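Undergrad:
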Amino acid sequence: MLDITNLECVRGDRQLFADLSFSMKAGSLLHLHGPNGAGKTTLLRAIAGLVLPESGDIRWNGELIRKLGEEFNRELLYLGHHYGLKFELSGYENLRVFANLSGFDVSEREVEEALRQVGLARCVELPVKALSQGQKRRVALARLLLHPPRFWILDEPFTALDVKAVTMLTEMIQTHVANGGMVMLTTHQHVEIEAGEIQHVHLGTH
Amino acid sequence: MLDITNLECVRGDRQLFADLSFSMKAGSLLHLHGPNGAGKTTLLRAIAGLVLPESGDIRWNGELIRKLGEEFNRELLYLGHHYGLKFELSGYENLRVFANLSGFDVSEREVEEALRQVGLARCVELPVKALSQGQKRRVALARLLLHPPRFWILDEPFTALDVKAVTMLTEMIQTHVANGGMVMLTTHQHVEIEAGEIQHVHLGTH
Amino acid sequence: MLAALWCIVQRDLTLAMRHRSDVLTTVFFFVIVVSLFPLGVGPDTELLRSMAAGVVWVAALLASMLSLTRLFADDYVDGTLEQLLLVPQPLALMVLGKIVAHWLISGLPLVLMSPLLGLQFGLSGDALWMLMVTLLLGTPVLSLIGAIGAALTLGLRGGGVLVSLLVLPLYIPVLIFGAGAVEASVVGMGADGHLSLMGAILVLALLLAPWASAAALRISVE
Amino acid sequence: MLAALWCIVQRDLTLAMRHRSDVLTTVFFFVIVVSLFPLGVGPDTELLRSMAAGVVWVAALLASMLSLTRLFADDYVDGTLEQLLLVPQPLALMVLGKIVAHWLISGLPLVLMSPLLGLQFGLSGDALWMLMVTLLLGTPVLSLIGAIGAALTLGLRGGGVLVSLLVLPLYIPVLIFGAGAVEASVVGMGADGHLSLMGAILVLALLLAPWASAAALRISVE
Amino acid sequence: MAEFFAMGTHGAYIWGSYGVTALFMVGETILVLRHKRTLLQRLGRMVRLNAEEQR
Amino acid sequence: MAINWFKYSSPATFYPLAGRISPWFAGAAAILLVVGLYMSFFVAPTDYKQGEGYRIIFIHVPAAWMSMVIYLVMAGWAAAGMIWRTRLSSMMATALAPTGAMFTFLALWTGALWGKPMWGTWWVWDARLTSELILLFLYIGFMALESAIDDPRRAARASGLLALVGVVNIPIIYYSVQWWNTLHQGSSIKFDGGGVQSSMTDIMLWTLLIMALACWLYTIAVVLTRVRSIILERESGSVWVKEMLQEKK
Ligand code: HEM
Ligand SMILES: Nc1ncnc2c1ncn2[C@@H]1O[C@H](COP(=O)(O)OP(=O)(O)OP(=O)(O)O)[C@@H](O)[C@H]1O
Ligand SMILES: Nc1ncnc2c1ncn2[C@@H]1O[C@H](COP(=O)(O)OP(=O)(O)OP(=O)(O)O)[C@@H](O)[C@H]1O
Ligand SMILES: [Mg+2]
Ligand SMILES: [Mg+2]
Chain A
959 MLDITNLECV RGDRQLFADL SFSMKAGSLL HLHGPNGAGK TTLLRAIAGL
1009 VLPESGDIRW NGELIRKLGE EFNRELLYLG HHYGLKFELS GYENLRVFAN
1059 LSGFDVSERE VEEALRQVGL ARCVELPVKA LSQGQKRRVA LARLLLHPPR
1109 FWILDEPFTA LDVKAVTMLT EMIQTHVANG GMVMLTTHQH VEIEAGEIQH
1159 VHLGTH
Chain B
959 MLDITNLECV RGDRQLFADL SFSMKAGSLL HLHGPNGAGK TTLLRAIAGL
1009 VLPESGDIRW NGELIRKLGE EFNRELLYLG HHYGLKFELS GYENLRVFAN
1059 LSGFDVSERE VEEALRQVGL ARCVELPVKA LSQGQKRRVA LARLLLHPPR
1109 FWILDEPFTA LDVKAVTMLT EMIQTHVANG GMVMLTTHQH VEIEAGEIQH
1159 VHLGTH
Chain C
8 MLAALWCIVQ RDLTLAMRHR SDVLTTVFFF VIVVSLFPLG VGPDTELLRS
58 MAAGVVWVAA LLASMLSLTR LFADDYVDGT LEQLLLVPQP LALMVLGKIV
108 AHWLISGLPL VLMSPLLGLQ FGLSGDALWM LMVTLLLGTP VLSLIGAIGA
158 ALTLGLRGGG VLVSLLVLPL YIPVLIFGAG AVEASVVGMG ADGHLSLMGA
208 ILVLALLLAP WASAAALRIS VE
Chain D
8 MLAALWCIVQ RDLTLAMRHR SDVLTTVFFF VIVVSLFPLG VGPDTELLRS
58 MAAGVVWVAA LLASMLSLTR LFADDYVDGT LEQLLLVPQP LALMVLGKIV
108 AHWLISGLPL VLMSPLLGLQ FGLSGDALWM LMVTLLLGTP VLSLIGAIGA
158 ALTLGLRGGG VLVSLLVLPL YIPVLIFGAG AVEASVVGMG ADGHLSLMGA
208 ILVLALLLAP WASAAALRIS VE
Chain E
42 MAEFFAMGTH GAYIWGSYGV TALFMVGETI LVLRHKRTLL QRLGRMVRLN
92 AEEQR
Chain F
166 MAINWFKYSS PATFYPLAGR ISPWFAGAAA ILLVVGLYMS FFVAPTDYKQ
216 GEGYRIIFIH VPAAWMSMVI YLVMAGWAAA GMIWRTRLSS MMATALAPTG
266 AMFTFLALWT GALWGKPMWG TWWVWDARLT SELILLFLYI GFMALESAID
316 DPRRAARASG LLALVGVVNI PIIYYSVQWW NTLHQGSSIK FDGGGVQSSM
366 TDIMLWTLLI MALACWLYTI AVVLTRVRSI ILERESGSVW VKEMLQEKK
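Chain order of the listed sequences is A, B, C, D, E and F. The first sequence begins at 959 in the working numbering and counts up by one. The second sequence begins at 959 in the working numbering and counts up by one. The third sequence begins at 8 in the working numbering and counts up by one. The fourth sequence begins at 8 in the working numbering and counts up by one. The fifth sequence begins at 42 in the working numbering and counts up by one. The sixth sequence begins at 166 in the working numbering and counts up by one.
#1: Would you please verify whether the beta carbon of G995(A) is less than 8 angstroms from any beta carbon of chain F?
#2: Can you find the residues in the same chain that come closer than 8 angstroms, C-beta to C-beta, to G358(F), ignoring five residues on each side of it along the sequence?
#3: Under 8 angstroms, do F1045(B) and P1085(B) count as touching if we go by C-beta distance?
#4: Rounding to the nearest angstrom, what Cα-Cα distance links L1104(B) and G997(A) in this structure?
#5: Let me make sure I understand the geometry here. Which of N1019(A), L1037(A), K1122(A) has the alpha-carbon closest to that of L1002(A)?
#6: Please confirm whether any heavy atom of ligand 5 lies closer than 7 angstroms to the CB of S1090(A).
#7: List the residues of chain A that D316(F) touches, going by C-beta distances under 7 angstroms, in chain order.
#8: CB V968(A) to CB E1012(A), shorter than 8 angstroms?
#9: For V361(F), count neighbouring C-beta atoms within 10 Å of its own C-beta (all shown protein chains included) and say buried if the count is 16 or more, exposed if not.
#10: Under three-state DSSP, which class holds A996(B)?
#11: Among residues of its own chain, excluding the 5 on either side of F356(F), which ones have a beta-carbon nearer than 7 angstroms to its beta-carbon?
#12: Under 8 angstroms, do L93(D) and L1034(B) count as touching if we go by C-beta distance?
#13: Grab me the residues of A223(C)'s own chain with a C-beta within less than 7 angstroms of its C-beta, minus the 5 sequence neighbours each way, in chain order.
#14: Classify L22(C): buried if its beta carbon has 16 or more other beta carbons within 10 angstroms, exposed otherwise.
#15: Indicate whether at least one CB of chain F lies closer than 8 angstroms to the CB of I226(C).
#16: For F36(C), tell me which candidate among L73(C), L20(C), D51(C) has the shortest Cα-Cα distance.
#17: Could you give the distance in angstroms between the alpha-carbon of Y180(F) and the alpha-carbon of A228(F)?
#18: Is the segment 64-80 of chain C touching the segment 50-59 of chain D, taking contact as three or more C-beta pairs under 8 angstroms?
#19: Flag V1082(B) as yes if its beta-carbon sits less than 8 angstroms from any beta-carbon of chain D, otherwise no.
#20: Using a 10 Å radius around the Cβ and a threshold of 16 neighbouring Cβ atoms, would you call H1134(B) buried or exposed?
#21: Give the straight-line distance between the Cα atoms of T178(F) and A377(F), rounded to the nearest whole angstrom.
#22: Just mark T52(D) as buried or exposed, buried being the case when its beta carbon has 16 or more other beta carbons within 10 Å.
#23: Measure the C-alpha to C-alpha separation of M205(D) and H109(D) and round it to an integer number of angstroms.
#24: Using a Cβ-Cβ cut-off of 8 angstroms, state whether G306(F) counts as contacting chain A.
#25: Is H109(C) helix, strand or coil when you go by DSSP?
#26: Examine the Cβ distances between the segment 49-66 of chain E and the segment 262-280 of chain F and report whether three or more of them are shorter than 8 angstroms.
#27: Report whether the distance from the Cβ of T1000(B) to the nearest heavy atom of ligand 3 is below 7 angstroms.
#28: Taking the C-alpha atoms as reference points, what is the distance between A125(C) and L300(F)?
#29: Under a CB-based cut-off of 8 angstroms, is V361(F) close to chain E?
#30: Check the C-beta distance from L397(F) over to V404(F) and give it rounded, since I have them as a contact under 8 angstroms.
#31: Under 7 angstroms Cβ to Cβ from P147(D), same chain only, skipping five residues before and after it: list those, please.
#32: Between which two residues does the beta strand (DSSP E) carrying M1142(B) extend?
#33: Of all the options P993(B), T999(B), L1010(B), G1014(B), which has the alpha carbon lying nearest to the alpha carbon of A976(B)?
#34: In its own chain, which residues sit with a C-beta less than 6 angstroms from the C-beta of A320(F), not counting the 5 before and 5 after it?
#35: Compare the C-beta of I235(F) against all C-beta atoms of chain C and say whether one is closer than 8 angstroms.
#36: For S324(F), which of helix, strand or coil comes out of DSSP?
Here is the structure:
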């Protein structure tokens, strides 16, 4: 599905990595490793199409993702360091906007159900800014429950989550992979994930 | 040293905790536990004097910290969710400003040494914004090495750190406590810290 | 497609309504700036009438420009802009939605307020009418061009001032034709030429600005 | 104490120098706004001369105000403001340092540029001199009062516009006396009364504003 | 000679134009060349230091 | 023989090439400037209407032309840089901007100094003068935006986009005298089809053209030198720069 060939990324005037090649197929998980500053975030953003790599190709089903554009976005869900939430809107409204922009209609029920599953039943109507760190992250994670697309990119998704939430997220990832989804993630925390096929990519020590 | 009596904090219209009392003495560590949204960050900020509690007292050496004002600040180092760094300045300049504002002069050597110890020898001159998540956190942590005051408040200090950096930080905390310092921290990650006397405070499940 | 456009417009309007003061403050800024001039210049009525069109238009320019920095900045900081780039919709469309919302929030109120301010300067009925029409044609252009500047300076320190440096020169033609049309009608001349030029500028901006802003956003978000 | 003040001033100046364009853009904004008026009003020299003082002062007001939003906002977002509150120094002193740096960056250049702009409007030597003196007395007041507004609106959405709403009314006395002094000297009258009033305002602002801003900051940071 | 510099009655304007133009063009040339020189020095030093370090 | 143009779009090959040719342009510019200045002061006759004051034309018009042409060239390089993503193109755009801004300023300055004796005022807010002022602001905006962004790649792309948007202004400047009747005089030189038509005497026209050509050559020489510095700065980490610097040692 996803093929990376000879990828090279440069930030500022430093080359982060070069000649990076790997591929991923449906129903698999890729865990990206590397010390602080190795370029994990940069790589994930490049794959999501947010960063223009210096050279090399990123292909989805054999097509360059730059050519695919919105087609590729339809298959992708990217959760980065930022929450990607409007702090003035409630969790409910945030999810609703996401769903609409992604082009499918969700019922009130579905959204509420997703928020309940991430343990925010009581905070549905609070504006996101009034939530704690971990609760904000949970709202962002609720997107993974609403008509999720096939390919998930998760940049340190476990940050700020308490133990219960960490277990919940691992389970969500495992189910997704088992159902033929693809997950690419990076985390410094030690988390046990048992998904069909786990690929490990290491970015060089710097 | 630090005495908390009958503390109550309210955010929005929710009472986060009430009747919270504990005290801490020199050479000890306090680990604050609680699920997402329990009010840990709020408590830490209240103790640092950034949030006004609804009721209750926070005393340092028997004096109310609000009365002490700058006196108390001289003994305190607070690292929160934010890095507290100017992104346009280099790590070196950031540390320099901190030291000067805290009222002591540091030599170029000392600052460089601190940055080297947190593993940023190569990035001394880069503006902080060009650093990765983890590297930014490391710069913030370097403050713990420069004439550190007695009382540290650390809100999820392990976030975004890789394994090596986590070990380094635990060691720093241990030495500080062993030397008679006080550390109050909260983290959802599982970290082994062996300091003289560890106190655990749990904030209620919400 | 249109559903997505509508969704964005609605989202931004909801956000603005959460902070109703936002909408009000742009209008108040406009009113205050216009009212400052009589204070700075003195109470000479003839003088005031002859500068009315210029002052109101400059104030509209500044008010629209001031609110520009907010156009993408909030979305950038909290990461929702990143997510908008990843939505399966043409980015230019999303940008257009944001521009429309921006105009509804910060342009339209100015248009509606302008007759009142014109009265303050002693403009006649015809001139007041012309003032409203030119603002109606001109303020969308301000939002459209401004979006390019706002997208280019996203996340830069001092973006607020930089954006004015980039955008004001491009605003100047709008200002000249807008104020020119009102002045023509103050002295009783026809202003059709000015108006059709402004219409042309509006169409041009409508065709180009969303694309240019979208391209700028892609650059800035990296 | 003074060392800490100096440290803050120096830090902010260094930050500004990192983005040298910051300093330049405030000045250019000033220049552009002043140049916009002739475009809006038309090229009548007599008219231009009589509105010169008002226009330059209003532009100075706006330029200083625009750069206000930046005064604490950057420090707030990256958490350094929080740290400034925790520094073992009086907060009002820290705030004063930031205000001084703000004036050096965004006020002083305006003072130095003003004679050139006055020339554009055909002001005479005496009037130019008076323009500079009033700006020299007035712009620090703008920074001082502005700091209170900036501190109060910290972290609020649409702060940029809100701050102008809070601050502009307080700026008005400065504007009236400043522009008044220049106009008095244009028509050849003495302006001592105006000047001493401006001096009094400056002293008052210097005494009150740092405390008020410090108090406002404590509220906003919570 | 003096007549030449007076340029009718327009001497100040003409020499003001030509003078400032000359000043700018010469100034720009000097700035560009000096920038190039200091840059080469700086980069040269960098390369030398790196080479020494490797040895 | 087909020249491989893309070869020269690589900074590594362009750097020495620019170094070799820029002295020639500098030399030619110097010679033409001397010739042009001689002609403008000693050969060109006194104008029967404007007296000696008209001699400002010999720098005013070249400066005004350069200000517009340089902007177009700069926008062209910026576009090339954004389409083909060649690094050299954006460096060229960056190198052109300061010289363009300088000529714009000079056009304004000399125009103002000419306006005082001719129109009796330094400055009027007419269409051509105003649009030339806008051009200066565009140049400054371009440079300010570029210097405000630290990452050179983002800086190049963002400022390139701005340059392209600003191109709209050029036709406004050029046709301003035709679209609005203003104080400023219309084009007296028209390039149509075969020849150059002019209302000026031949000798004035020739002087003007020689000065314009001199400005062209000057611009090329300065810009090539500047772009070499920019190449060195941006590529300072690359192997070829290091090797080249070591050879020099
Ligand atoms: C600040 C004031 C001025 C500015 C910004 C300015 C700008 C320009 C520009 C942009 C051009 C080139 C346009 C073209 O090639 O058609 C030009 C050409 C010219 N300007 Fe000016 N100008 C100014 C003042 C003056 C004055 C005061 C005079 C003379 C009374 C003058 C006489 C001319 C002439 C003769 C040309 C050549 C037109 C041609 O032959 O094509 N300019 N000016
Ligand atoms: N704008 C920039 N300019 C210069 N260098 C940059 C820029 N952005 C990132 N970098 C550099 O890129 C490197 C990689 O950053 P990145 O965020 O991808 O690391 P990471 O692997 O995600 O690290 P972490 O585990 O700390 O999150 C860092 O060393 C940083 O210095
Ligand atoms: N401004 C506010 N208005 C209303 N409620 C707020 C506000 N700020 C915080 N809260 C509420 O206070 C509670 C505690 O927040 P706090 O950040 O202290 O939690 P925490 O224990 O640090 O959680 P986490 O582990 O997720 O960081 C949250 O449930 C949140 O909803
Ligand atoms: Mg990262
Ligand atoms: Mg917390």
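Note that beta-carbon positions come from the ideal geometry of N, C-alpha and C, so glycine has one too. In this text the structure is predicted, and so the values were computed from the model without any measurement.
TA: Based on what the coordinates show:
#1: So no, G995(A) is outside the interface.
#2: Annotation note: pLDDT 43 at G358(F) (below 50); position unreliable, coordinate value reported separately. There are no such residues.
#3: Yes. Within cutoff.
#4: Between the C-alpha atoms of L1104(B) and G997(A) there is a straight-line separation of about 29 angstroms.
#5: Measuring from the Cα of L1002(A), the nearest candidate turns out to be L1037(A).
#6: Correct: S1090(A) has its Cβ closer than 7 angstroms to ligand 5.
#7: Those are G970, listed as they occur along chain A.
#8: Between V968(A) and E1012(A), the C-beta gap is smaller than 8 angstroms, which places the two residues in contact.
#9: Only weak support exists for where V361(F) lies, its pLDDT of 49 falling under 50; the coordinates are left without a value.
#10: In the three-state reduction of the DSSP assignment, A996(B) falls in the coil class, being assigned neither a helical nor a strand state.
#11: Confidence in F356(F) is poor, its pLDDT being 49 and thus under 50, which makes the residue's placement too unreliable to answer from.
#12: Yes, Cβ-Cβ distance for L93(D) and L1034(B) is below 8 angstroms.
#13: Excluding sequence neighbours, A223(C) sits near I155, A158, L159.
#14: Buried.
#15: True, the Cβ-Cβ gap to chain F drops below 8 angstroms.
#16: Among L73(C), L20(C), D51(C), the Cα nearest to that of F36(C) belongs to L73(C).
#17: The C-alpha of Y180(F) lies about 28 angstroms from the C-alpha of A228(F).
#18: With a cut-off of 8 angstroms, the segment 50-59 of chain D and the segment 64-80 of chain C do not count as touching, because too few Cβ pairs lie within range.
#19: No, because no Cβ of chain D sits closer than 8 angstroms to the Cβ of V1082(B).
#20: H1134(B) comes out buried.
#21: Roughly 30 angstroms separates the two Cα atoms.
#22: For T52(D), the number of other beta carbons within 10 angstroms of its own is below 16, and it is reported as exposed.
#23: Their Cα atoms are separated by approximately 20 angstroms.
#24: Chain A, which has no Cβ nearer than 8 angstroms to the Cβ of G306(F), makes this no.
#25: H109(C): helix per DSSP, three-state reduction.
#26: Between the segment 49-66 of chain E and the segment 262-280 of chain F, the count of C-beta pairs closer than 8 angstroms reaches three or more; the two stretches touch.
#27: It does: the Cβ of T1000(B) is within 7 angstroms (strictly closer) of some heavy atom of ligand 3.
#28: Position check: residue 125(C) holds Gly in this sequence, whereas Ala was assumed. Taking the straight line joining both Cα atoms gives about 32 angstroms.
#29: Only weak support is given to the placement of V361(F): the predicted model assigns it a pLDDT of 49, under 50, and the question is left unresolved by the model.
#30: Contact between L397(F) and V404(F) does not hold, since their C-beta atoms are separated by about 14 angstroms, which reaches or exceeds 8 angstroms.
#31: Contacts found: W110, G114, L209.
#32: Its beta strand (DSSP E) spans residues 1140-1144.
#33: Measuring C-alpha to C-alpha distances from A976(B) to each of P993(B), T999(B), L1010(B), G1014(B) identifies G1014(B) as the nearest.
#34: Correct list, in chain order: E311, I314.
#35: Not closer than 8 angstroms to any Cβ of chain C, the Cβ of I235(F) fails to qualify, so no.
#36: In this structure, S324(F) counts as helix in the three-state DSSP scheme.
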